[in-house]
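These notes are about the structure you will find just below.
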Amino acid sequence: MKFAAKRALLPGGWAEDVLVTVGAGRIVALGRGQDAEADQVDLLLPGASNLHSHAFQRGFAGLTEARGPGRDSFWTWREMMYRFALQLDPDGAEAMAAMAQVEMLEAGYTRVGEFHYLHHDCDGRAYADPAEMSARIFAAAEDTGIALTHLPVFYAHGGFGPAPASDGQRRFLHDRDAFLGLVERCDAMARAGDVVGYAPHSLRAADAADLRALAEALPGRKVHIHVAEQVKEVEDCLAFCNRHPVERLYETAEVTADWCLIHATHLTPGEVALIARSGAVVGLCPVTEANLGDGVFPAPDLLARGGRYGVGTDSNVRISLAEELRLLEYGQRLTARARNVLATEEGSTGTQLFRQALAGGAQALGAPAPEIAEGALADLVALRDPLELGTGGAETLDRWIFGPEVAVSDVWVRGRHLVQDGRHVAREAVAARFSKAVRKVLAGA
Numbered sequence: 329m330k331f332a333a334k335r336a337l338l339p340g341g342w343a344e345d346v347l348v349t350v351g352a353g354r355i356v357a358l359g360r361g362q363d364a365e366a367d368q369v370d371l372l373l374p375g376a377s378n379l380h381s382h383a384f385q386r387g388f389a390g391l392t393e394a395r396g397p398g399r400d401s402f403w404t405w406r407e408m409m410y411r412f413a414l415q416l417d418p419d420g421a422e423a424m425a426a427m428a429q430v431e432m433l434e435a436g437y438t439r440v441g442e443f444h445y446l447h448h449d450c451d452g453r454a455y456a457d458p459a460e461m462s463a464r465i466f467a468a469a470e471d472t473g474i475a476l477t478h479l480p481v482f483y484a485h486g487g488f489g490p491a492p493a494s495d496g497q498r499r500f501l502h503d504r505d506a507f508l509g510l511v512e513r514c515d516a517m518a519r520a521g522d523v524v525g526y527a528p529h530s531l532r533a534a535d536a537a538d539l540r541a542l543a544e545a546l547p548g549r550k551v552h553i554h555v556a557e558q559v560k561e562v563e564d565c566l567a568f569c570n571r572h573p574v575e576r577l578y579e580t581a582e583v584t585a586d587w588c589l590i591h592a593t594h595l596t597p598g599e600v601a602l603i604a605r606s607g608a609v610v611g612l613c614p615v616t617e618a619n620l621g622d623g624v625f626p627a628p629d630l631l632a633r634g635g636r637y638g639v640g641t642d643s644n645v646r647i648s649l650a651e652e653l654r655l656l657e658y659g660q661r662l663t664a665r666a667r668n669v670l671a672t673e674e675g676s677t678g679t680q681l682f683r684q685a686l687a688g689g690a691q692a693l694g695a696p697a698p699e700i701a702e703g704a705l706a707d708l709v710a711l712r713d714p715l716e717l718g719t720g721g722a723e724t725l726d727r728w729i730f731g732p733e734v735a736v737s738d739v740w741v742r743g744r745h746l747v748q749d750g751r752h753v754a755r756e757a758v759a760a761r762f763s764k765a766v767r768k769v770l771a772g773a
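Position one of the sequence shown corresponds to residue 329 (the working numbering), numbered consecutively onward.
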């Protein structure tokens with residue numbers, strides 16, 4: 329298989345008339361020139377990593393936008409999410425994961441980090457196979473073709489203290505031994521190229537002893553954790569230990585470049601410095617953070633200190649890589665009352681956003697270097713420019729992120745052509761199963 333790209337983003341920057349030859353799932357040759365017999369693409373990019381997803385939440389995307397009797401917030405949304413989660417069976421969970429993954433591939437993501445905490449049956453008891461719900465995530469990834477970093481979530485408590493978990497959290501809970509058994513089962517299910525890490529849900533759900541025990545039992549893994557997403561979490565942490573959440577995390581755990589701190593919205597300057605020095609990635613989910621009213625992460629401070637971030641779709645309320653990057657930049661513009669805020673050097677803001685997210689996402693998910701180079705995995709995304717304006721690669725990428733016309737046309741994962749002419753090859757069948765699953769849950773609501 330050979331591509332002829334008018335423009336391509338190579339490790340050294342933008343190039344024109346790039347010929348890419350793929351074999352056995354990898355790029356086997358890279359050249360320059362034109363080839364009329366090759367597949368023609370307008371612009372070729374490395375595939376991106378979606379570093380944070382709760383796949384089942386795709387099932388109620390757009391269904392939580394009615395105001396209640398009081399002030400709506402993340403916490404009122406969470407109660408609606410719990411009600412939805414308590415009715416979802418394994419078939420429905422698989423259908424929703426597959427739909428989300430299809431849309432991720434169509435958006436230009438070639439790998440997803442699934443932050444998976446929906447473990448048990450609706451009554452809170454383990455399934456006959458305690459890894460049943462994780463198995464459905466792997467099955468969906470097999471059907472859709474997306475690369476998977478699976479992050480089974482450890483969830484033991486309902487708040488600082490520790491406080492007891494609520495009844496609405498009953499499907500999420502494990503003791504440490506049972507959780508280690510779950511991780512072992514996930515290791516056995518992983519396909520070639522998949523990664524299995526783990527995720528203490530938050531400082532509310534995993535206490536200091538839990539964090540230390542998991543780190544000792546599961547060394548060398550990718551570790552993800554929600555932290556400092558909400559002001560209330562910061563206030564509760566201060567009341568509990570007189571420390572801000574990230575400060576508390578760094579006192580409790582040895583946070584390294586293998587860690588990904590999800591959201592980390594409400595930070596002190598000292599906490600930003602801690603993150604940057606440790607090499608951990610910050611997992612930003614601008615669309616979900618805007619939907620939930622979380623706040624805006626201090627990204628310029630992180631970048632100024634040499635820190636890294638990646639982006640994720642989180643609640644999957646809208647699945648769009650371009651929109652995540654656009655909203656990330658626009659949130660910073662609104663805060664700073666300036667333009668092109670996250671461009672750390674002169675030139676294309678879109679290119680810098682994309683490359684920053686590309687590197688941080690791959691680091692967070694344990695993925696191979698995402699690049700168009702000989703020997704690299706053929707995880708590739710093609711953009712189509714219907715107006716054929718003849719702009720350079722950087723300008724075309726800017727138009728994809730900030731403008732209306734440029735769109736994803738094709739996506740390959742390990743050389744498999746999964747998205748063709750903007751649509752996943754299995755979209756119709758996956759969408760039919762998804763619709764049936766959502767209607768079943770809503771009928772029981």
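Even for Gly, the Cβ is constructed at its ideal location relative to N, Cα and C. Since we're looking at a predicted model, the values are computed, not measured.
Own chain partners of residue i with C-beta closer than 7 Å, once the 5 adjacent residues on each side are dropped
| i | result |
| --- | --- |
| S401 | G621 |
| G361 | D345 and L347 |
| L596 | Contrary to the premise, residue 596 reads as Thr rather than Leu in this sequence. Only H572 meet the Cβ criterion. |
| D363 | K330, A332 and L347 |
| Q558 | F402 and D622 |
| L686 | P374, A376 and P698 |
| G776 | Here the chain comprises residues numbered 329 to 773, so residue 776 is not present and cannot be evaluated. |
| V350 | M329, V356, A706 and G743 |
In DSSP terms, what residue i is bridged to
| i | result |
| --- | --- |
| D738 | A710 |
| T392 | Its beta-bridge partners do not exist; DSSP assigns none. |
| Y526 | V551 |
| R751 | Q748 |
| T404 | None; T404 has no bridge partner. |
| Q368 | A332 |
| S381 | E442 and D642 |
| G349 | According to the sequence shown, residue 349 is Thr rather than Gly. DSSP, once it has assigned bridges, lists K330 and A357 as partnering T349. |
| Y437 | A376 |
| A636 | According to the sequence displayed, residue 636 carries Arg and not Ala. Bridge partners of R636: V609. |
| W342 | L337 |
6 Å Cβ shell around residue i - same chain, five flanking residues per side excluded
| i | result |
| --- | --- |
| S648 | A435 |
| A690 | S377 and P698 |
| A425 | A383, I465 and A468 |
| L414 | C450 |
| V747 | L433, E434, D738 and V739 |
| V524 | H478, C514, D515 and A518 |
Close Cβ partners of residue i (< 8 Å) along its chain, the five nearest in sequence each way excluded
| i | result |
| --- | --- |
| V562 | A556, H572, P573 and H594 |
| S606 | Y578, V583, T584, A585 and W587 |
| F781 | Within the shown structure, residues of the chain are numbered from 329 to 773, placing residue 781 beyond reach of any answer. |
Residue burial classification, residue i (beta-carbon count within 10 angstroms, cutoff 16)
| i | result |
| --- | --- |
| C450 | exposed |
| G441 | buried |
| R550 | It should be pointed out that residue 550 corresponds to Lys in this sequence rather than to Arg. Burial call: buried. |
| S775 | The structure shown does not extend to residue 775, since the chain is modelled only from 329 to 773, so the question has no answer here. |
| R386 | buried |
| P626 | buried |
| S462 | buried |
| E512 | exposed |
| E445 | Note on residue identity: the sequence assigns Tyr, not Glu, to residue 445. The residue is buried, with at least 16 neighbouring Cβ atoms inside 10 Å. |
| T672 | exposed |
| Y455 | exposed |
| D457 | exposed |
| Q368 | exposed |
| L662 | exposed |
| D726 | buried |
| P492 | exposed |
Residue of the options minimising C-alpha distance to residue i
| i | options | result |
| --- | --- | --- |
| L631 | V766, V600, W740 and M517 | V600 |
| R761 | A428, E393, A608 and A506 | A428 |
| V615 | A608, V624, G607 and V609 | V624 |
| V356 | A704, A454 and E674 | A704 |
| T477 | P696, D749 and E723 | P696 |
| T472 | A735, A491, E431 and D538 | E431 |
| C569 | R540, A543 and L531 | L531 |
| E733 | D713, V747 and R744 | D713 |
| R633 | G598, G496, A527 and Q660 | G598 |
| L371 | G718, V758 and N668 | G718 |
| A608 | V753, Y637, R453 and P628 | Y637 |
| G396 | A389, A545 and T404 | T404 |
| L337 | A493, Q680 and A666 | Q680 |
| G340 | D457, L546, G635 and I700 | I700 |
| H745 | V709, R767 and A423 | V709 |
| L602 | G635, P628 and A475 | G635 |
| L546 | A520, C565 and L510 | L510 |
| L416 | L589, A664, G496 and A757 | G496 |
| L589 | L566, R540, E544 and G640 | G640 |
| H752 | Y437, E393 and I553 | Y437 |
| R646 | L358, L391, P490 and G353 | L391 |
**alpha helix (DSSP H) runs wholly inside the region 549 to 595, at least 4 long, in chain order** = Counting whole runs of 4 or more residues, the region 549 to 595 contains the alpha helix (DSSP H) stretches 559 to 569 and 573 to 580.
**Asked** If you scan the region 468 to 531 from start to end, which runs of the beta strand (DSSP E) of 3 or more residues do you find wholly inside it?
**Response** Every unbroken stretch of the beta strand (DSSP E) spanning 3 or more residues and falling wholly within the region 468 to 531 is given here in chain order: 475 to 482.
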